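Chains as they are written, first to last, in this note's numbering: chain A, 936 to 1099; chain B, -11 to 457; chain C, 5 to 358; chain D, 646 to 950.
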């Protein structure tokens, strides 16, 4: 067994798990943080994306032991009691999610992008979401929402939703 | 911490491990916004036509939507299903003793434990767990319920199955031939047939200026819902079973469970919670009866989540089609007659092939007025992954054929693809291939609107020359 | 060299099952405060059907989408439904939900009529009020009517109804009959670049013009179309389950089963064709499945337009397009890129990839 | 995933010590894990994973990119994201930045390391060709000390390298002589996002501006042989030849003879051969364009600049 102590959403947590436990399993089964999803378990779909030390990673491809001492942010850590994160607000407003299963991963990838570049081009957004598969939306309304969230974070007007 | 890290850590006995499915520590305090402003679109009247955001959108974005794999019931077991891995075989023997003896393994069942081991929306040709015969490589042959997912997976390795290999039938056109051995022998491989006849096709071909022919094929594809199939069954002391399942059709699901497990519908409750993508792949039961029986046998809730590979080879897929088209036209491009033959590869089981066959056949002529039509469609068994409902039920396949064929005709006659379609398209009151009078028809409107938006100005690039990009 | 090409495809698609009965039932309860609850046996699998159903019920009762709570997908609690399949929810379940809401509304009219001093037939529900037709100033809040119905008249405003599309069985010999209640229509146009040295196709742009009857929620319609097109792009160019000689899948994983990522998707322009179907709830039909139907054909036709080869088997992989180009070059060494084989033989049999 | 013992090494030396300790027993399957993006994916559904896993992801000294007397030294634990963001590499070898960018997706590039990509030794690896075209050298650390070998000798076959069970890949070095050498990388996959290479290639050459000829042309190909290879015949063909589009196209055709592609479910051997010709040509064109801009910038478009 390995004992892992790490920061999750700003709080220090600890758990003792079998060595082969992934960060994803530990978050879901030990800490009951089920926002990160298991979609493929081999790093293809990105549904398990969380932010470790500021960088988005597939938590299914990281051993719990490797996360020892690190700082992990999950989808549950984005909003506070008063406010949704701009991404969460606009994903809702623009209808960016349908079945929603890929959502937490997509939003964490997008957050990591906006933290570094609050004014990304469409291509930069597509690149940032390239590791997050979605079967429902065709990504279009996600890209709109990420752009809009960037505007919010820069304190600018959110562009009009393009409508049919 | 640092010194500990390089210290040797003994591999513990498997039973000393905590059940990693069970939260051993309370979740960290997470604060969530409660009752924020309702988006405008949801508050306006009249409601129809509003860009109202979804009721579930906020929980999706917060990661708070509870899908089945996010649910934990106290004392829950984890189940895994052993897959045949061979496409066609007779099962001579299944030895589960070693698996059952494993520490942490609570129950093992095989096809023989299923009270009524067959289901299907039209033909009841699919076993819940293969017992005598394996019809495709994704067939389940045994299921294990264990304390952890890992133990269940390790137990599968311990189950020994003896097969008598049989030659698989893989090609639908081969399968169509009568001399080909039946996948579900003694019954023949053709298990569905549809025909639509209108006017006199041969006469129409004689009167045509040109007759075009083409053969088109499409591939087998997977739905790929981001959420793999998941199910939890909990059989309670009243003999009532609650099943949480990623199912798009709970009414049909309950009937199938009642039939296969042999309990009255009044004792079955199916809750579909939120489903992480369907696209047709979650429209009939999969492991629900297995989980119900494992729960009955163990007296504990049992959860099963398919791996991504299982989602591919143990779920339905899109029918591959082979499509022969023959069309007679005037030199102006008016279609006088069309003859179509469709062969659908149904895979190992019927599933939703009846519906797919019907829709493919009815739609195969396209949205065009064709007075002389003959469309015939067959669906055949092969020893491949079963095909079933998938977004479009045969329509994407036949549309690829009739619209590629249409462009070939237009180009050969030197007509703009838009004009030949406008010339033949349905209008309000047109009569469909099945003789139905159509209403609210907007084929031409959709063509003209798309052309305007797209900026379609004839085919100046045309004739396959292309233009340097 | 990259060559640009453009192609189109048109389609029709039915709503609901082929002849077979596929009913939906629904129950609508109006609460004392004028909000409402809908019970439906259908399942939200991502399409947004519960939001659409809430909008339909809200429209019938003259309240807002947010005022309607939908309870779904529980065989203990919700009425029979054929389910989330065959693009039927908006049309079939939607009709059932509208009829159930209408029944609850008529109960409210019976209660409100004497209070407003008119006949029930002279009332309508809008903007959270029950209003005398033509005299908007004479009205009462729907909550007051609902509360009065429960607490005074003892007629709780609850409506239940079901709907099943009207069909006629097909003749086994000729296939003649009425298999479906209604159909939708659509055209998609694609612009592609094809690399004539590698056969690689890049989809640059898709315009999708779809009929869904009345768009109950244009935003969700757009979402369905954008998602359907992405599935269509995968069907056209990338996706295929492969089998070995023994019938085992070769690529049962998302590493080797190639589906579109955000980097593989073109700009999709959604255009909703104005239409109204008198048999649908508020003129609505459906849009779920049709969205991917014409995409592959439009792309295949655009490939032909770009490089003059007819791909007759999907997916149109780079290798398949390249081999077709090779065959075409061998067939016509001197004149690469000239048009399809000449009459009367049908093109598609000439430079084609199987 | 099969159960295993886990040891987190403090640093490279600790890791080597742990390896020596466990690799001693031939029955014990020891594996070094860094980013884990390849290994964990392999172990997940396999019944035979390792018995012992040594995690080196904390060996900070293997995460640096530095210029030394020997050349540009890249630590084995440098992630693909680090490579993309290194000003040094951006300025000297845009091809390395591009190659890193084509690997997986953001999530995998953040965890995946250059060393891991090389050690996994998958013939389609995207880090291989560029480094081979730049005649990179690798440093291997073991209980007995350190040794250096050319990258071209590091690969043995599919998923096989010369690393002994108790050895560790420590650093990758691009020799001083090749710093700033105009290089171009081209990957061809089945889609744009998260693609695996059907074929990938890299080309580098100096320019004799006086004669306008190829000097020290190096071409490397991936996914067309059991390991990443050099297209030596094509290189020989170009040496001293005048730089023309025809020469580049011909070099591509020659490179086909250097390739030994197989047919698999992703593509046929014939198609891969065609890609070798096209990609080689495009890599040469890319490197040529870069050489010209470098010359305009007055930076080193040739060896003596």
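Ideal Cβ positions, reconstructed from N, Cα and C, are used throughout, including at glycine.
Quick caveat: nothing in here was measured; it's all calculated off a predicted structure.
Going along chain D, which residues have a C-beta under 9 angstroms from residue i?
{"i": "residue 939 of chain A", "result": "Residues of chain D passing the Cβ test: none, with the nearest at roughly 10 angstroms."}
{"i": "residue 242 of chain C", "result": "835, 836"}
I'd like to know whether the C-beta atoms of residue i and residue j end up nearer to each other than 9 angstroms.
{"i": "residue 844 of chain D", "j": "residue 733 of chain D", "result": "no"}
{"i": "residue 94 of chain C", "j": "residue 288 of chain C", "result": "yes"}
{"i": "residue 1077 of chain A", "j": "residue 1032 of chain A", "result": "yes"}
{"i": "residue 145 of chain B", "j": "residue 81 of chain B", "result": "no"}
Run down chain A in chain order and give the residues with a C-beta less than 7 angstroms from the C-beta of residue i.
{"i": "residue 755 of chain D", "result": "990, 991, 992"}
{"i": "residue 689 of chain D", "result": "976, 977"}
{"i": "residue 267 of chain C", "result": "1061, 1062, 1065"}
{"i": "residue 212 of chain B", "result": "1070"}
Just verifying my parser: in three-state terms, what is the DSSP assignment at residue i?
{"i": "residue 228 of chain B", "result": "coil"}
{"i": "residue 766 of chain D", "result": "coil"}
{"i": "residue 292 of chain B", "result": "strand"}
{"i": "residue 133 of chain B", "result": "strand"}
{"i": "residue 414 of chain B", "result": "coil"}
{"i": "residue 16 of chain C", "result": "strand"}
{"i": "residue 739 of chain D", "result": "helix"}
{"i": "residue 223 of chain C", "result": "helix"}
{"i": "residue 163 of chain C", "result": "strand"}
{"i": "residue 248 of chain C", "result": "coil"}
{"i": "residue 810 of chain D", "result": "coil"}
{"i": "residue 688 of chain D", "result": "helix"}
{"i": "residue 207 of chain B", "result": "coil"}
{"i": "residue 193 of chain B", "result": "helix"}
{"i": "residue 244 of chain B", "result": "helix"}
{"i": "residue 403 of chain B", "result": "coil"}
{"i": "residue 305 of chain C", "result": "helix"}
{"i": "residue 966 of chain A", "result": "coil"}
Would you kindly report the start and end of the unbroken alpha helix (DSSP H) that includes residue i?
{"i": "residue 897 of chain D", "result": "890 to 903"}
{"i": "residue 187 of chain C", "result": "Segment 186 to 199 is the beta strand (DSSP E) holding residue 187 of chain C; no alpha helix (DSSP H) there."}
{"i": "residue 284 of chain B", "result": "276 to 286"}
{"i": "residue 146 of chain C", "result": "146 to 155"}
{"i": "residue 916 of chain D", "result": "914 to 941"}
{"i": "residue 150 of chain B", "result": "That residue, residue 150 of chain B, is in no alpha helix (DSSP H); its beta strand (DSSP E) goes 148 to 153."}
{"i": "residue 102 of chain C", "result": "98 to 120"}
{"i": "residue 1039 of chain A", "result": "1038 to 1051"}
{"i": "residue 329 of chain C", "result": "322 to 335"}
For a contact defined as C-beta to C-beta under 8 angstroms, what are the partners of residue i on chain C?
{"i": "residue 387 of chain B", "result": "13, 15, 297, 298, 300, 301"}
What does residue i reach in chain A if we use C-beta pairs closer than 9 angstroms?
{"i": "residue 51 of chain C", "result": "1033, 1034, 1071"}
{"i": "residue 700 of chain D", "result": "998, 1000, 1001"}
When you measure from the CB of residue i to every non-hydrogen atom of the ligand MG, does any distance come out below 8 angstroms?
{"i": "residue 657 of chain D", "result": "Ligands are entirely absent from the displayed structure, and the ligand MG is therefore not among its contents."}
The beta strand (DSSP E) spanning residue i covers which residue range?
{"i": "residue 271 of chain C", "result": "271 to 277"}
{"i": "residue 223 of chain B", "result": "218 to 223"}
{"i": "residue 65 of chain B", "result": "65 to 71"}
Figure out for me which residue from the options has the closest Cα to the Cα of residue i.
{"i": "residue 186 of chain C", "options": "C:6, C:9, C:22", "result": "C:22"}
{"i": "residue 283 of chain B", "options": "B:38, B:96, B:73", "result": "B:96"}
{"i": "residue 830 of chain D", "options": "D:815, D:807, D:770", "result": "D:770"}
{"i": "residue 790 of chain D", "options": "D:891, D:935, D:740, D:809", "result": "D:809"}
Strictly below 7 angstroms CB to CB, what residues from chain B border residue i?
{"i": "residue 692 of chain D", "result": "145"}
Could you tell me which chain A residues have their CB closer than 8 angstroms to the CB of residue i, listed as they occur along the chain?
{"i": "residue 682 of chain D", "result": "978, 993, 996"}
Taking C-beta pairs closer than 8 angstroms, name the residues in chain D that residue i reaches, listed in chain order.
{"i": "residue 254 of chain C", "result": "910"}
Residues of chain C with CB closer than 9 angstroms to the CB of residue i, please, in chain order.
{"i": "residue 56 of chain B", "result": "What residue 56 of chain B touches in chain C: nothing, since even the nearest Cβ is about 12 angstroms away."}
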